[in-house]
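Chemist:
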Amino acid sequence: MKRNDLIGGLFFLGVGLLFTLYSHRVEIGTWDEPGPGFLPFWAGMVVIGMSVLLIGKSLSRGGGTTEAFFPQSDSWKRVVFTLLALVGYNFLLKPLGFVLVTFFFVGFLVKFIFPGSWKKAFIAALLSTVSVRLIFVNLLEINFPKGFLGF
Amino acid sequence: MDILGYLIQGAQIAFQPMNLLFCFVGVLMGTLVGILPGLGPTAAIALLLPVSYHIPPVSTIIMLAGIYYGAMYGGSTTSILVNIPGEAASVITCIDGHQMAKKGRAGPALGIAAFGSFIAGTIGVIGIMLVAPPMAKFALAFGPAEYFALMLMGIVIIIYMSSGSILKDFLTALFGLLLGTIGMDTISGTQRLTFGVLELTDGIGFIPAVMGLFGISEILINVEQVVLTTLVTEKVKGLLPNLNDWKESFWPMIRGTVLGFFIGVLPGPAPVISTYSSYAMEKKLSKTPEKFGTGYIVGVAGPEAANNAASSGAMIPLFTLGIPSNSVIAVLLGAFMIHGLQPGPMFISKYPDVFWATIVSMYLGNVMLLILNLPLIPLWVKMLKVPYAILFPLILVFCLIGVYSLNFSQVEIGLMIGFGVLGYMMRKFKFEMPPLILALVLGPMMESNLRLSLLLSQGDPTVFVRRPISAVFILVSAMLIVSSLIPGIQKRRARLK
């Protein structure tokens, strides 16, 4: 898993650098009077050391099989569209309102991720929207954004 | 008050109709989660945390504990019927359980799994009752140095147990520790890495983090490919194991219970390890080891008892030390904290009602599960037929509105999605999640205990090895780290993975 370790190592190197550098801005303190930056600084330093070790190990290991990142050729589409749907839900929650955005979110995922019929998507979206509204709004009395249609 | 008195007090609370209802909901949800592949108990408890805001603390703990041990019951059903473990602790049940189902003995396999789980769950509860109070008394002698050393040991043990690369596991644990420092420093009031975002002042929200790491990332992995499952289609009949089944299974169940309980007390993914250990032990002790893997009932009875006993045992470090031994318990600890309950040595004496009511409810839950599991098996089989294409959008909606309902914050939804991507990448790049989640939960406590110890000892780091109890914890941690670097043990860890 040469490539995996290299990418992971670089990510953690970035994390270590971020926390170590940031800790200087909030006072590291001393051993007898540790400040708010004490743990981030020392833990960050260890992370830097370990990630350098991981990067070094991944670079020195020759050959090795590199597994494909996605198991199927169209897997990436399903992952990316699911993520986009999640981000879209968050952005449209206030303008569209909880009921509409939930309806479109479920409908979109059922129709396009593992392609199903429009009828199936509509029924799934309708039933799930009605049931979550009943549970969260009517039963648990939680206030969700109403959107431009007022519901 | 003696144990009996406390038990009666606990029973009075647990038997209240409201708590009975939540216990039932918990075990039902747990069984469902155990049955449905692609949603583990950690994710399920995380999903229900927002709902628990609106429920009294005792009822919440009763319900969430029910999900945990309920999932252990439910997991066996999918292993036996579909050869797909509903959760990791049921992987081993597939070996003999599914072979039994193929031979037309699905009924006795499901039956012995349910009875084995019931017996182990019951003995496990008695174990908690007897072990937890004296352990809590012992822990009263702990100061900040002991707490820091103990938490360090907890993280080191979970790293030691979890996967092949100790370096990668240490990195994820340290990452969790660092994430735990984000927010306002409790000692000086300084803001750390909040970048002016109000929602980060109290630190990274635990619920968005676990829902993202476990719920969202699990779904992203699952949507990658269409998995076709083959159900055992014949009608499941004759759930009661026959006399010979009982004779063969009795001692494996008892051995599995004892083994599982003690593995459960130790930090690590106890239910999973206990099933492997029980299976290996039974195979070694058996006069007919060649029968294992061909549909031998002992291969179901022992591990099924072990994983239930382990889930009971795992409650002990939580109740007595306030330290979660695995990621499910870490999420449960989060639930305690949300309700203002701080598990630890004082927990049992400070909140006897919560502790004893939970214990009694666990017993009741085990009875409910036995009643639920056997007659409802046909219903569970039907549930398995719900296509994932319909199921996953519902789980996502539950995650989204669950997180939003906490603080009505879209930043927290964003955090959850971010942690979902992080969890997904970690799974893809083979970085283990338990060390991260454990360090994230323990991080703030570890930091304050570390700083307090150094302050009290005037900056002397040897304080951790000068005090005898903390010295033992540090020594064990050091031994585990050193031993994991020995090539032979490295290989064994890789095999465990």
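In order, the protein sequence lines correspond to chains A and B. To convert a position in the first sequence, counted from 1, into the working numbering, add 21. Mapping to the working numbering: the second sequence position 433 is 429, numbers consecutive. For each residue, glycine too, the CB sits at the ideal point set by N, CA and C.
1) Here's the rule: buried if 16 or more other CB atoms are within 10 angstroms of the residue's CB, otherwise exposed. What is tryptophan 139(A)?
2) Of all the CB atoms in chain A, is at least one closer than 9 Å to the CB of arginine 188(B)?
3) Have a look at glutamate 244(B) and glycine 410(B) and give me their C-alpha separation to the nearest angstrom.
4) Give me, in chain order, the residues of the same chain whose beta-carbon lies closer than 7 Å to that of tryptophan 97(A); leave out the 5 immediate sequence neighbours on both sides.
5) Residues bridged to proline 267(B) by DSSP?
6) Bridge partners for glycine 179(B) per DSSP, in chain order?
7) For valine 219(B), collect the residues of the same chain with a Cβ closer than 7 Å to its Cβ; drop the 5 residues on either side in sequence, then sort them by chain order.
8) Mind checking which residues open and close the alpha helix (DSSP H) that includes glutamate 244(B)?
9) Just to confirm, are isoleucine 63(B) and methionine 96(B) a CB contact at a threshold of 9 Å?
10) Short of 9 Å Cβ to Cβ, which residues in the segment 419 to 447 of chain B face chain A?
11) Which stretch, first to last residue, makes up the alpha helix (DSSP H) that contains histidine 335(B)?
12) Contact check, leucine 496(B) vs leucine 317(B) under 8 Å by CB: the rounded distance?
13) Report yes or no: do the segment 127 to 134 of chain B and the segment 390 to 401 of chain B share at least 3 C-beta pairs separated by less than 8 Å?
14) Quick one: measure Cβ to Cβ for isoleucine 217(B) and tyrosine 420(B), integer angstroms, because I've assumed they're closer than 8 Å.
15) On the three-state DSSP scale, how would you describe leucine 204(B)?
16) From threonine 150(A) to leucine 392(B), what distance separates their C-alpha atoms?
17) What are the start and end residues of the alpha helix (DSSP H) that includes phenylalanine 415(B)?
18) Looking at the structure shown, is proline 53(B) part of a helix, part of a strand, or coil, going by DSSP?
19) Check the Cβ of valine 127(A) against every Cβ in chain B and list those closer than 8 Å, keeping chain order.
20) Which of the residues in the segment 74 to 103 of chain A, read from start to end, lie with their CB under 8 Å from any CB of chain B?
21) Straight-line CA distance for leucine 60(B) to leucine 328(B)?
22) Once you ignore the five residues that flank isoleucine 215(B) on each side, which residues in its own chain have a CB closer than 7 Å to its CB?
23) Are the CB atoms of alanine 302(B) and glycine 495(B) within a distance shorter than 9 Å?
24) Quickly, what does DSSP pair proline 185(A) with across the bridge? List them, please.
25) Using CA atoms only, rank isn't needed, just tell me which of Met14(B), Phe20(B) and Ile9(B) is closest to isoleucine 367(B).
26) Using only alpha-carbon positions, find the residue among Met311(B), Gly455(B) and Val461(B) that is nearest to alanine 128(B).
27) So, does the segment 463 to 477 of chain B touch the segment 142 to 156 of chain B, judging by three or more C-beta pairs under 8 Å?
28) With DSSP as the reference, label asparagine 164(A) as helix, strand or coil.
29) Helix, strand or coil for proline 140(B)? Go by DSSP, reduced to three states.
30) Could I get the ranges of all uninterrupted alpha helix (DSSP H) runs contained in the segment 337 to 397 of chain B, with 4 residues as the minimum, in chain order?
31) With a threshold of 9 Å between beta-carbons, can valine 68(A) be considered close to chain B, or not?
32) Check the Cβ of valine 219(B) against every Cβ in chain A and list those closer than 7 Å, keeping chain order.
Modeler: So, to answer that:
1) Along the first sequence, read from residue 1 onward, the residue named residue 139(A) stands at position 118. Exposed is the call here.
2) As a working mapping, residue 188(B) is identified with position 192 in the second sequence. For arginine 188(B), the answer is yes, since a Cβ of chain A falls inside 9 Å of its Cβ.
3) On the second sequence, residue 244(B) is found 248 positions in, with the first residue counted as 1. On the second sequence, residue 410(B) is found 414 positions in, with the first residue counted as 1. Using only the alpha carbons, I get a separation of about 53 Å.
4) By one-based count along the first sequence, residue 97(A) stands at place 76. Counting only Cβ-Cβ distances below 7 Å, and skipping sequence neighbours, we find Phe91.
5) As a first step, residue 267(B) is located in the second sequence; it is residue number 271 there, counting from the start. Partner(s): none; proline 267(B) has no beta bridge.
6) As a first step, residue 179(B) is located in the second sequence; it is residue number 183 there, counting from the start. Arg188(B), per the DSSP bridge assignment.
7) Against the second sequence, residue 219(B) aligns to sequence position 223. Cβ within range, chain order: Phe388.
8) By one-based count along the second sequence, residue 244(B) stands at place 248. Taken as a continuous stretch (DSSP letters only), the alpha helix (DSSP H) holding glutamate 244(B) covers 239 to 261.
9) The residue labelled residue 63(B) in the question sits at position 67 within the second sequence. The residue labelled residue 96(B) in the question sits at position 100 within the second sequence. Going by C-beta atoms, isoleucine 63(B) is not nearer than 9 Å to methionine 96(B).
10) Tyr420, Met421, Met422, Lys424, Phe425, Lys426, Phe427, Gly439, Met442, Glu443, Leu446 and Arg447
11) In the second sequence, counting from the first residue as 1, residue 335(B) sits at position 339. First-last for histidine 335(B): undefined, no H or E at that position.
12) This structure does not reach residue 496(B), given that chain B is present from -3 up to 493, and the question cannot be answered.
13) no
14) In the second sequence, residue 217(B) corresponds to position 221, counting from 1. In the second sequence, residue 420(B) corresponds to position 424, counting from 1. Confirmed, about 7 Å.
15) Here residue 204(B) refers to the residue found at position 208 when the second sequence is read from its first residue. For the sequence presented, residue 204(B) should be read as proline rather than leucine. Helix.
16) In the first sequence, residue 150(A) corresponds to position 129, counting from 1. In the second sequence, residue 392(B) corresponds to position 396, counting from 1. Distance between the alpha carbons of threonine 150(A) and leucine 392(B): 12 Å.
17) Sequence index remark: in the second sequence, residue 415(B) carries index 419 (1-based). Start and end: 406 to 424.
18) Taking the first residue of the second sequence as 1, we reach residue 53(B) at position 57. Helix at proline 53(B).
19) As a first step, residue 127(A) is located in the first sequence; it is residue number 106 there, counting from the start. In chain order: Pro389, Leu390 and Val393.
20) Leu74, Leu75, Lys78, Phe90, Phe91, Pro92, Gln93, Ser96, Arg99, Val100 and Thr103
21) Position 64 of the second sequence, counting from 1, holds the residue named residue 60(B). Position 332 of the second sequence, counting from 1, holds the residue named residue 328(B). Roughly 7 Å separates the two Cα atoms.
22) Here residue 215(B) refers to the residue found at position 219 when the second sequence is read from its first residue. Hits under 7 Å: Phe388, Ile391 and Leu392.
23) In this structure chain B extends from -3 to 493, so residue 495(B) is not present and cannot be described.
24) Because residue 185(A) is not part of the residues shown, which for chain A are 22 to 172, the question remains open.
25) Within the second sequence, the letter at position 371 stands for residue 367(B). Checking every option, the nearest Cα to that of isoleucine 367(B) belongs to Phe20(B).
26) Reading the second sequence from its first residue, position 132 is the one you call residue 128(B). Comparing Cα-Cα distances from alanine 128(B) to each of Met311(B), Gly455(B) and Val461(B), the minimum goes to Met311(B).
27) yes
28) Translated into the one-based positions of the first sequence, residue 164(A) becomes position 143. Coil, per DSSP.
29) Start at 1 with the first residue of the second sequence, and residue 140(B) comes out as number 144. Three-state DSSP puts proline 140(B) in a helix.
30) 343 to 346, 348 to 369 and 373 to 379
31) As a first step, residue 68(A) must be located in the first sequence, where it is residue number 47. It does: the Cβ of valine 68(A) has a partner Cβ on chain B nearer than 9 Å.
32) Taking the first residue of the second sequence as position 1, residue 219(B) is located at position 223. Near valine 219(B) (Cβ distances below 7 Å), the residues of chain A are Arg99, Val100, Thr103 and Ile134.
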